[in-house]
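Have a look at the structure below before the remarks.
Protein chains: 2
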Amino acid sequence: MKVIKDIKEMQRESEGLRSSGKKIAFVPTMGYLHDGHAALLRRGRGMADILVMSLFVNPTQFAPTEDLSNYPRDFERDRRIAEKEGTDIIFAPDAKGMYPEGYQTEVSVREISKPLCGASRPAHFAGVATVCCKLFNIVKPHFAVFGEKDFQQFLVIRRMVLDLDMDLEAVPFPTVREPDGLAMSSRNVYLTPEERAQAVCLSRSLALAKEACEKGERNVQKILLLVLGALEDARLGKIDYVDMRAVPSLEKVGKTIAGPTLLALAVKFGKARLIDNTVLLRELWNP
Amino acid sequence: MKVIKDIKEMQRESEGLRSSGKKIAFVPTMGYLHDGHAALLRRGRGMADILVMSLFVNPTQFAPTEDLSNYPRDFERDRRIAEKEGTDIIFAPDAKGMYPEGYQTEVSVREISKPLCGASRPAHFAGVATVCCKLFNIVKPHFAVFGEKDFQQFLVIRRMVLDLDMDLEAVPFPTVREPDGLAMSSRNVYLTPEERAQAVCLSRSLALAKEACEKGERNVQKILLLVLGALEDARLGKIDYVDMRAVPSLEKVGKTIAGPTLLALAVKFGKARLIDNTVLLRELWNP
């Protein structure tokens, strides 16, 4: 496994690999890898000749008030996990190389970026879209794998890839969960034991909604009340949002749902902001 | 010479050419070619194995009040000129393919896009940057050639290429002029004979400034007054702007110039908005 830090070197490497007919799968990460990342790496490993993982804590997707400086990091551990999962190249640029003096370009995906996490974090998805655009231009992958825990992020990237005619496929991968259902996240390390115990409400509330929907419930208000009721057990948590939106447009839904619908939520526990989601009527989505 | 209208077909063609080791030069145009475009094609022809020209009147770089619907078009004439200059492929997509329903992504280059033409045409450079990003992803060129008549456009594209790590070089090419000095432009056809005669003032005013600078003039106010004086002969023209800006940042200049400086102007004659520019102390610019 190679570790490449230089942007031009990574680009030359990828251009050479593409020219020699190799298919490249790419898993962008901010490091501090958990089993969710490992699953993305395995997915990428299975679909291409070369597996590239990037490791870059992207400053432009954090607001000044957010946890950029505290974001957990452990390069040696990340390197071991990546190697174990068959990664060929770790691309680990530094922030000065990615955003040199005079840097001023932004990629924004308008409507999809506005609701849900975009409402709480206004500049977040432009930061995500821009860094992914850069990483795609450097790594030149045929496939890029994204975890569905960040479902809105996946939709933003998918829309950007379509709109800007990027020659690659954005591949979604199901959320990996702890045994009790909590979605894996590098930010779970922020939780106290008590918060951790209550955080199980997030996935439990979504599971209840999913089950109700499978039994025929289509009323948006009733589904949302079911979720809010289940979240009441998370006494230390503060709800940021609970919302339902059409997939893939993320437009508002009416009183009842008839097509694929993202049910997404964000809850703050102390300094940890946890998110989770499920797609209701997903079988109706034909991406 | 091939004419390709389908985006995916062009992309496959370019991917194949790159894989077989061919270098691709690209000249994006809005058609209605003149000798300026022909010169860009010859420049591209001379630097690569394959020459691709795009022909697309991009709606997103026109404001609703501008001349999109009247923009001159003549595909058969364009095809003959492109073929004569040794073009291998004309890429001519349609607007529905480039901006399908649900399209919502924009690339913006912040500071450089604001002054000069960006002040008169607020959405213009985001439209230009976005369509060039798309065209680069489709045509996958090693070089993209831009005329210096649109010097700000060249700087915007160059900055985008750097910032987004696009694996290509944006190449500037000197403005091609009519015998009397008027910069060639597809929009010159809008001019009445009287306006056409007066339009020579634009290049003449720039030449006076250039000459003064070569003789040692560094005072910004004096250079601008020289230009404004020479533009007084264009009685039918209405000045949109005359400005001096640092190259390549396009930041404001102080009272005197000490480094490479763009002197740019825009003048409206009836429905024709003409632009021209020169770079003073260009020998100090080391791109």
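From first to last, the protein sequence lines are chains A and B. Residues in the first sequence are numbered consecutively from 0, following numbering that gives the first Met the number 0. Residues in the second sequence are numbered consecutively from 0, following numbering that gives the first Met the number 0. All C-beta atoms, glycine included, are put in the ideal place defined by N, C-alpha and C.
So with Cβ pairs under 8 Å, would you call B/LEU163 a contact of chain A? Your numbering for residue 163 of chain B matches position 164 in the second sequence. Interface residue (Cβ-Cβ distance to chain A less than 8 Å): B/LEU163 is classified as such.
How many Å lie between A/GLN202 and A/LYS267 at the Cα? Position 203 of the first sequence, counted from the start, is the residue given in the question as residue 202 of chain A. Position 268 of the first sequence, counted from the start, is the residue given in the question as residue 267 of chain A. Here residue 202 of chain A turns out to be Ser, not Gln, going by the sequence shown. Those two C-alpha atoms are separated by around 14 Å.
I'd like to know if B/ASP93 contacts chain A, where contact means its C-beta is closer than 8 Å to some C-beta of that chain. Walking along the second sequence from the start, residue 93 of chain B turns up at place 94. B/ASP93 does not count as touching chain A.
Short CB-CB distance (under 8 Å) between B/TYR102 and chain D: Of the protein chains in this structure, namely A and B, none is chain D.
When the cut-off is 8 Å and only beta carbons count, does B/MET52 lie next to chain A? Along the second sequence, read from residue 1 onward, the residue named residue 52 of chain B stands at position 53. Closer than 8 Å to the CB of B/MET52 there is not a single CB belonging to chain A.
Show which residues of chain A have a CB atom less than 9 Å away from the CB atom of B/GLU14. The residue labelled residue 14 of chain B in the question sits at position 15 within the second sequence. The contacting residues are ARG17, ASP166.
Reference B/ILE137; option with closest CA among A/ASP149, A/ASP162, A/LEU134: Taking the first residue of the second sequence as 1, we reach residue 137 of chain B at position 138. When A/ASP149, A/ASP162, A/LEU134 are compared, the shortest CA-CA separation from B/ILE137 is found for A/ASP162.
Run through the region 20 to 75 of chain A for me and flag every whole beta strand (DSSP E) of 3 or more residues, listed as ranges in chain order. If only uninterrupted beta strand (DSSP E) runs of at least 3 residues are considered, those enclosed by the region 20 to 75 of chain A are 23 to 28, 49 to 54.
Quick one: which chain A residues come within Cβ less than 7 Å of B/LYS133? Position 134 of the second sequence, counted from the start, is the residue given in the question as residue 133 of chain B. Within chain A, the residues near B/LYS133 are LEU163, ASP164.
The beta strand (DSSP E) with A/LEU279 in it runs from where to where? Sequence index remark: in the first sequence, residue 279 of chain A carries index 280 (1-based). It spans 271 to 279 - the beta strand (DSSP E) in which A/LEU279 sits, taken as one unbroken run.
Quick one: grab the DSSP three-state call for B/TYR189. Mapped onto the second sequence, residue 189 of chain B falls at position 190. Reduced to three states, the DSSP call for B/TYR189 is helix.
Out of curiosity, what's the CA-to-CA distance linking B/ALA208 and B/THR64? The sequence position of residue 208 of chain B within the second sequence is 209, counting from 1. The sequence position of residue 64 of chain B within the second sequence is 65, counting from 1. Their Cα atoms are separated by approximately 33 Å.
Does any C-beta atom of chain B lie closer than 8 Å to the C-beta of A/ASN136? For the purposes of this step, residue 136 of chain A is taken as residue 137 along the first sequence, with counting starting at 1. At a cut-off of 8 Å between beta carbons, A/ASN136 contacts chain B.
At what residues does the alpha helix (DSSP H) containing B/ILE6 begin and finish? Residue numbering aside, residue 6 of chain B sits at position 7 when the second sequence is read from its first letter. First-last of the alpha helix (DSSP H) with B/ILE6: 6 to 18.
Between which two residues does the beta strand (DSSP E) holding B/ILE289 run? A question about residue 289 of chain B goes unanswered here, because the residues of chain B that appear run from 0 up to 286.
Along the chain, where does the beta strand (DSSP E) containing A/SER107 start, and where does it finish? Along the first sequence, read from residue 1 onward, the residue named residue 107 of chain A stands at position 108. Segment 104 to 108, the beta strand (DSSP E) holding A/SER107.
Using DSSP with H/G/I as helix, E/B as strand and the rest coil, what is A/LEU261? For the purposes of this step, residue 261 of chain A is identified with residue 262 of the first sequence, where counting begins at 1. In the structure shown, A/LEU261 falls within a strand segment according to DSSP collapsed to helix, strand and coil.
Measuring alpha carbon to alpha carbon, tell me which of A/VAL246, A/LYS139, A/LEU181 ends up nearest A/LEU154. Position 155 of the first sequence, counted from the start, is the residue given in the question as residue 154 of chain A. Checking every option, the nearest Cα to that of A/LEU154 belongs to A/VAL246.
Using a Cβ-Cβ cutoff of 8 Å, what residues of the region 215 to 249 of chain B are near chain A? List them in chain order. Per Cβ criterion, the list reads SER248.
In chain order, what residues of the region 104 to 119 of chain A put their CB closer than 9 Å to some CB of chain B? Result list: THR104, GLU105, VAL106, SER107, VAL108, ARG109, GLU110, ILE111, SER112.
Residues in the same chain with beta-carbon distance under 6 Å from A/ALA81, minus the five sequence neighbours each way, listed in chain order, please. As a position in the first sequence, residue 81 of chain A is number 82, starting the count at 1. Cβ within range, chain order: MET52, ILE89.
If I measure Cβ to Cβ from A/GLU216 and keep anything under 7 Å in the same chain, skipping five residues before and after, which residues do I get? Numbered from its first residue, the first sequence carries residue 216 of chain A at position 217. These residues qualify, in order along the chain: ILE222.
Out of A/TYR102, A/ALA62, A/ARG158, which one is the CA nearest neighbour of A/ARG109? Mapped onto the first sequence, residue 109 of chain A falls at position 110. The shortest Cα separation from A/ARG109 among A/TYR102, A/ALA62, A/ARG158 belongs to A/ARG158.
One or two residues paired with B/HIS242 in a DSSP bridge: Translated into the one-based positions of the second sequence, residue 242 of chain B becomes position 243. The question names His, but residue 242 of chain B in the sequence shown is Asp. Under DSSP, B/ASP242 forms a beta bridge with B/ALA263.
Distance cutoff 8 Å, beta carbons only. Does B/ARG157 sit that close to anything in chain A? Within the second sequence, the letter at position 158 stands for residue 157 of chain B. So no, B/ARG157 is outside the interface.
My guess is that B/ARG176 and B/ALA271 are in contact by the Cβ rule of under 8 Å, so how many angstroms apart are they, rounded? Along the second sequence, read from residue 1 onward, the residue named residue 176 of chain B stands at position 177. Along the second sequence, read from residue 1 onward, the residue named residue 271 of chain B stands at position 272. Wrong, their Cβ atoms sit about 16 Å apart, outside the cutoff.
Here's the rule I'm using: 16 or more other beta-carbon atoms within 10 Å means buried, otherwise exposed. How should A/LEU273 be labelled? Taking the first residue of the first sequence as 1, we reach residue 273 of chain A at position 274. Under this definition A/LEU273 is a buried residue.
For chain B, check one thing: does any of its Cβ atoms lie closer than 8 Å to the Cβ of A/GLN10? The residue you call residue 10 of chain A lines up with position 11 of the first sequence. So, interface residue.
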